[in-house]
Amino acid sequence: MGITDLLLLGQGSDLASERGVSCPGELPAPSDPDLRERARRARATLGDQVFVLGHHYQRDEVIEFADVTGDSFKLARDAAARPDAPYIVFCGVHFMAESADILTSPSQRVILPDLAAGCSMADMANYEQVAACWAVLDELGIGQSTIPVTYMNSSAAIKAFTGEHGGTVCTSSNAHTTLTWAFSQGERVLFLPDQHLGRNTAVLQMGLTLGDCVVWNPWKPRGGLTDSQIKNAKMILWRGHCSVHARFSLDSINDVRSRIRDVQVIVHPECQHEVALNADIIGSTEQIIKTVSNSPAGSKWAIGTELNLVKRLAQQHQDKQIVFLDKSVCYCSTMNRIDLPHLVWSLESLVEGRVVNEIKVAERTAHFARVALDRMLSLI
Ligand code: 13P
Ligand code: SF4
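Under my numbering, residues 34 to 413 are what the sequence shown spells out, in order.
This is how it looks when you write it as structure tokens:
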């Protein structure tokens with residue numbers, strides 16, 4: 034069960050109350066003209082007591098108040114590097130706040146300003162499904178020689194599963210390094226939960242073929258695969274995807290190339306394989322920012338990643354032509370749950386001595402998830 038399901042269960046079926054469940058009647062109105070001033074005041078009052086992290090996909094109104102911005106890898110490291118801050122306000126999604134809780138000291142408290150900020154991709158792999166898959170691998174005698182690797186975009190329970198079974202975590206910035214390590218430890222990899230990041234890294238960066246990869250469908254008996262398909266695979270890809278990045282298509286690339294002469298297409302590795310294959314550059318969020326920022330004036334870019342980031346890059350680099358790869362793709366709706374009213378509410382609550390929306394990972398889960406995360410951090 035994912036965070037979204039839990040939230041809905043906790044509230045019955047009243048979707049209208051979703052925003053209200055974590056801050057009943059206390060959320061400032063989005064139209065409040067003093068919101069920015071309130072955020073500034075609360076930040077100033079809290080001083081070094083609070084450390085605000087902002088993922089690159091957050092809204093501008095939230096990024097304005099972040100102490101640091103980054104992709105999920107950088108933010109995990111940044112959170113771990115601030116042991117002196119008692120409160121970490123994580124402007125991102127649930128799995129990122131969980132990782133921050135795991136990597137910070139027990140006395141530090143991590144806050145997610147809106148508990149509805151989950152991730153549909155992370156929800157596509159739950160512990161029971163992954164354990165059932167592993168039982169099949171064990172039954173086939175290949176559990177010992179399979180290394181589980183999960184993308185950062187997964188629940189703490191899935192990270193813990195990989196830690197407990199000799200595996201690790203990766204992010205879009207370090208998937209190549211991590212998979213290279215995994216193949217030095219075993220014969221095949223079970224890659225969770227994003228099939229596209231797994232396939233793109235294995236095929237486009239590591240020289241594996243599409244034939245080396247199979248897709249495990251958690252909704253079908255034995256993943257919908259034959260025993261020999263499972264045993265012969267080098268990469269067992271979980272059937273998960275990002276509901277934003279998987280929407281970019283080859284048509285969007287062809288269309289933008291026909292409209293803008295000499296445009297360079299740069300996409301996130303969560304995009305489908307044929308999109309990655311036909312792009313000029315594939316890069317994590319952080320790599321996209323660096324590449325576009327360091328390109329000469331007059332460069333033309335079509336960017337396939339979350340819209341908040343693409344709009345910000347276009348705003349910051351007006352000497353370049355920067356367009357969104359596909360006009361029909363929209364914001365990540367869960368990233369967008371964190372808005373200025375929720376940020377102000379969580380900060381003002383801290384000023385009043387109340388910790389709201391704390392994200393706390395159970396100790397056993399945190400222990401094994403830390404094993405997996407520390408393994409990842411030691412590879413870099
Ligand atoms: P990165 O932050 O690792 O680039 O991941 C992108 C993403 O989808 C975060 O939710
Ligand atoms: Fe999840 Fe995709 Fe949104 Fe990232 S962009 S939080 S992977 S749904």
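Here a beta-carbon is modelled for each residue, glycine too, at the ideal position from N, C-alpha and C.
In the DSSP assignment, what residue or residues form a beta bridge with residue 201?
Against the sequence shown, residue 201 aligns to sequence position 168. Residue 201 is bridged by DSSP to 182.
Determine, using beta carbons only, whether residue 79 and residue 376 come nearer to each other than 8 Å.
The residue you call residue 79 lines up with position 46 of the sequence shown. The residue you call residue 376 lines up with position 343 of the sequence shown. No, they are not a contact pair.
Let me check you understand the geometry: is the CB of residue 186 closer than 7 Å to at least one non-hydrogen atom of the ligand SF4?
Taking the sequence shown and counting its residues from 1, one reaches residue 186 at position 153. Yes, the Cβ of residue 186 comes within 7 Å of a heavy atom of the ligand SF4.
Quick one: grab the DSSP three-state call for residue 333.
Translated into the one-based positions of the sequence shown, residue 333 becomes position 300. Strand, per DSSP.
Beta-carbon separation of residue 124 and residue 87 under 8 Å?
The count along the sequence shown starts at 1 and reaches residue 124 at position 91. The count along the sequence shown starts at 1 and reaches residue 87 at position 54. Against a cut-off of 8 Å, the Cβ pair of residue 87 and residue 124 comes out as a contact.
For the ligand SF4, is there a heavy atom less than 7 Å away from the beta-carbon of residue 242?
Reading the sequence shown from its first residue, position 209 is the one you call residue 242. Residue 242 Cβ: outside cutoff for every heavy atom of the ligand SF4.
C-alpha gap between residue 315 and residue 205, whole angstroms:
Residue 315 sits at position 282 when you count from the first residue of the sequence shown. Residue 205 sits at position 172 when you count from the first residue of the sequence shown. Distance between the alpha carbons of residue 315 and residue 205: 10 Å.
Residues in its own chain within less than 8 Å of residue 397 by CB, not counting five upstream and five downstream?
Translated into positions along the sequence shown, residue 397 becomes position 364. These residues qualify, in order along the chain: 193.
Which residues in the same chain as residue 228 place their Cβ atom closer than 7 Å to its Cβ, once the five residues preceding and following it in sequence are excluded?
Counting from one through the sequence shown, the residue named residue 228 turns up at place 195. The residues are 248, 270, 271, 272, 273, 274.
Going by other Cβ atoms of all chains shown within 10 Å of its Cβ, with 16 needed for buried, is residue 134 buried or exposed?
Working through the sequence shown from its first residue, we reach residue 134 at position 101. The residue is buried, with at least 16 neighbouring Cβ atoms inside 10 Å.
Segments of 3+ residues assigned as beta strand (DSSP E) that fall wholly inside the segment 275 to 341
Qualifying beta strand (DSSP E) stretches, in chain order: 297 to 300, 333 to 337.
Just to check, is the beta-carbon of residue 127 closer than 7 Å to a non-hydrogen atom of the ligand 13P?
In the sequence shown, residue 127 corresponds to position 94, counting from 1. No, the ligand 13P has no heavy atom inside 7 Å of this Cβ.
Quick one: any contact between the segment 332 to 349 and the segment 290 to 300, if contact means 3 or more CB pairs under 8 Å?
Yes, they touch.
Examine the ligand 13P and report whether any of its heavy atoms sits within less than 7 Å of the Cβ of residue 203.
Sequence index remark: in the sequence shown, residue 203 carries index 170 (1-based). Answer for residue 203: no, Cβ out of range of the ligand 13P.
Can you tell me which of the three DSSP states residue 173 falls into?
What you label residue 173 is simply residue 140 of the sequence shown in a count that begins at 1. DSSP, reduced to helix, strand and coil, places residue 173 outside both helices and strands of the structure shown, so it counts as coil.
Under 7 Å from any heavy atom of the ligand SF4, does the C-beta of residue 154 make it?
One-based indexing of the sequence shown puts residue 154 at position 121. Flag set: Cβ of residue 154 near the ligand SF4.
What's the gap between the Cα of residue 402 and the Cα of residue 181?
Your numbering for residue 402 matches position 369 in the sequence shown. Your numbering for residue 181 matches position 148 in the sequence shown. Each residue's alpha carbon lies about 12 Å from the other.
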